[in-house]
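For the sequence shown, numbering that gives the first Met the number 0 begins at 0 and goes up steadily by one.
All C-beta atoms in this analysis are idealised placements derived from N, C-alpha and C, irrespective of residue type, glycine included.
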Amino acid sequence: MAVVILDFGSQYTHLIARRFRELRAYSVVLPGHVPLEEVLAQKPEALVLSGGPSSVFDPGAIRPAEGVLELDLPVLGICYGMQYLAQHYGGRVERSGRAEYGKAVLTAYEGPLFAGLAGEVQVWMSHADAVTELPPGWRVVARTEENPVAAIQDEAGRRFGVQFHPEVAHTPKGMEILENFLHLAGVRRDWTPDHALDVALAEVRAKAAGERVLLAVSGGVDSSTLALLLARAGVDHTAVFVDHGLLRLGEREEVERALASAGVNLVTVDAQGRFLATLAGIDDPEAKRKIIGREFIEVFKQKAAELGPFRFLAQGTLYPDVIESAGSTGAANIKSHHNVGGLPAELGFELLEPFRFLFKDEVRELGLLLGLPDTIRLRHPFPGPGLAIRILGPVDEEKLDILRRADDIFISALKDHGLYDEVWQALAVLTPVRSVGVTGDERRYGYVLALRAVTSVDGMTADWARLPHDFLDEVARRIPQRIPKIGRVVYDLTSKPPGTIEWE
Ligand code: XMP
């Protein structure tokens, strides 16, 4: 039994599925034009027609297959989905000439879809066409200033259309609207994260049984959870962990311990010398990032050839990554990202991406179910290029050692004070600036270390964390005490924008 979401190409389709999962309803996303039998095979309890980029007038627009809308099912059409419903049941859709994008407010709303809502209901719109004539028996149940037909329902109260997107965060009461729909549709609400694990395991087993699977692990939550998933699924896998020498204190051992004890077949590659040699004397942040990305691919390719052949490359790609890379053309390239989870297609493997419809917090849930230790599962993001982009200017062994120890003092103190989970990300940056100080009677000429801690939701924007002064004081004293090469500690008060989270 499932809510079947027919996908007409909206970038939000899987967000609808995610919202239903949050509401503990099982849902599956199928291509919009999927044959009737495939819809029936899911034992549908309700149908959702997603939004999509097409207009109902486009000859090439995706349409539900014959018979799908004739099933006696509760239906919710969203955006394009609503327009399709209106047209299908005999109403009229027109190019409105008044495209509506972004925030809007419902000026009036009524009926069971909006049950329990009161006051201002803000919604997110993104459409050019409008329903101008309702199908017989249907009525308008919400309007905005711009749009007299923002939501509709049929006579029986079984079919609904909303012109806005209830699934996005910019429709703050969207969850209540979706929940009302589930309630009206009588959908069972017994989905739990265990089901997500079962689905991921089933996918991996179905695709990769009897095949060899390669993956790269970074020690981050996505690739570690993926490694555990492959181990749990019992598929023949090899996880390659490239130690590029730019990891934090004790990180390699921690990753090795966590993965090996969970039955992951882990191969660590010692590539510190190679990365450090290529990075020697390189000052420019972009050059550093590019070198690290290139070296990583080289090392990984060599190891794959040595251990291969493999049919599949497993990657911990998440849904936001899928969306971002689909929509990223034209986005300014601020930093060349090196991401262990995103190897280039030219490596020639078939991809296995069982998390491609999941969000970060859902992968964390899977990690929990798979026994991933919290030290990795709840860890702050750490960039692929590692400490190299937190040492401003050229990277060398000595600076890495200084930064590693300073970072460890800062992060350990955050944990000891129960502040680690309060901030989104915390890091230490070793600047090339040196300043004069005094210890006892001696002159001191040490590096300036910057501490940075930010609050954020997704890393796209960030604010500096208001850490308690006493805490900062403790860390600022401890660091130069234990690391004499550091003479001064500063705290970074820059938000993003205008800064970025990392300094390079
Ligand atoms: P910025 O510095 O752009 O970083 O504000 C946003 C988030 O992304 C992380 N970051 C990276 N992650 N590869 C990664 O996997 C990279 O090359 C990279 N650069 C930055 C950064 O730590 C922050 O969480």
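Any non-hydrogen atom of the ligand XMP within 7 Å of residue i CB
| i | result |
| --- | --- |
| Gly392 | no |
| Thr499 | yes |
| Arg288 | yes |
| Ile333 | yes |
| Gln424 | yes |
| Asn338 | yes |
| Gly50 | no |
| Gly385 | no |
| Gly315 | no |
| Gly218 | no |
| Gly458 | yes |
| Pro380 | yes |
| Lys495 | yes |
Euclidean distance between Cα positions of residue i and residue j
| i | j | result |
| --- | --- | --- |
| Val522 | Glu109 | Residue numbering for the chain in the displayed model covers 0 to 503; residue 522 lies beyond these limits and cannot be assessed. |
| Pro353 | Asn146 | 40 Å |
| Ala199 | Phe159 | 32 Å |
| His169 | Ile176 | 13 Å |
| Val239 | Val266 | 5 Å |
| Asp440 | Val220 | 47 Å |
| His182 | Ala1 | 14 Å |
| Ala64 | Val74 | 15 Å |
| Thr328 | Gly51 | With a pLDDT of only 39 at Thr328, under the threshold of 50, the placement of this residue in the model should not be trusted, and no figure is reported. |
| Gln301 | Ile290 | 16 Å |
| Leu22 | Ala16 | 10 Å |
| Glu425 | Glu99 | Residue identity differs from the one stated: residue 425 is Ala in this sequence, not Glu. One C-alpha to the other measures close to 40 Å. |
| Val120 | Phe274 | 54 Å |
| Ile478 | Phe409 | 8 Å |
| Ala257 | Gln480 | 32 Å |
| Gly59 | Val33 | 15 Å |
| Ile77 | Arg389 | 45 Å |
| Glu154 | Arg204 | 46 Å |
| Gly436 | Ile401 | 18 Å |
| Asp269 | Lys172 | 51 Å |
| His337 | Glu37 | 40 Å |
| Phe470 | Ala412 | 8 Å |
| Glu255 | Glu361 | 23 Å |
| Leu185 | Pro111 | It is worth fixing the name first, because residue 185 is Gly in this sequence and not Leu. Distance between the alpha carbons of Gly185 and Pro111: 13 Å. |
| Ala405 | Leu448 | 8 Å |
| Ala330 | Pro496 | For Ala330, the predicted structure reports a pLDDT of 43, less than 50, and the residue's modelled location is therefore unreliable. The matter cannot be settled from this model. |
| Arg251 | Glu294 | 19 Å |
| Pro483 | Val432 | 15 Å |
| Gly209 | Ala232 | 12 Å |
C-beta atoms of residue i and residue j nearer than 8 Å
| i | j | result |
| --- | --- | --- |
| Ala107 | Met124 | no |
| Arg187 | Glu297 | no |
| Val27 | Ile61 | no |
| Gly458 | Thr224 | no |
| Glu93 | Asp128 | yes |
| Trp463 | Leu391 | no |
| Ser54 | Gly80 | no |
| Leu351 | Phe311 | yes |
| Phe309 | Phe348 | yes |
| Thr143 | Leu105 | yes |
| Trp190 | Ala24 | yes |
| Phe358 | Tyr419 | no |
| Ser335 | Gly292 | yes |
| Ala303 | Leu214 | no |
| Asn216 | Tyr11 | Residue 216 is actually Val in this sequence, not Asn. No, they are not a contact pair. |
| Gly486 | Arg442 | no |
| Ile500 | Pro393 | no |
| Arg451 | Asp491 | yes |
Residue i CB to nearest heavy atom of the ligand GDP below 7 Å
| i | result |
| --- | --- |
| Val140 | By its list of ligands, the structure shown excludes the ligand GDP, since it contains just the ligand XMP. |
Q) In the stretch 36–118, which residue ranges form an unbroken beta strand (DSSP E) of at least 3 residues, counting only runs that do not cross its ends? A) 43–48, 74–77, 91–108
Segments of 3+ residues assigned as beta strand (DSSP E) that fall wholly inside the stretch 268–349: 311–313
*Output the residue ranges of the beta strand (DSSP E) runs that lie fully inside the stretch 180–261 and measure 3 residues or longer, sorted by chain position.*
211–216, 235–242
Note to self: At 4 residues or longer, what runs of the alpha helix (DSSP H) sit wholly inside the stretch 369–401?
What the structure shows: 373–376
*3-residue-minimum beta strand (DSSP E) runs that sit fully inside the stretch 405–448, ordered along the chain*: Counting only runs of 3+ residues, the beta strand (DSSP E) found wholly inside the stretch 405–448 occupies 424–438, in chain order.
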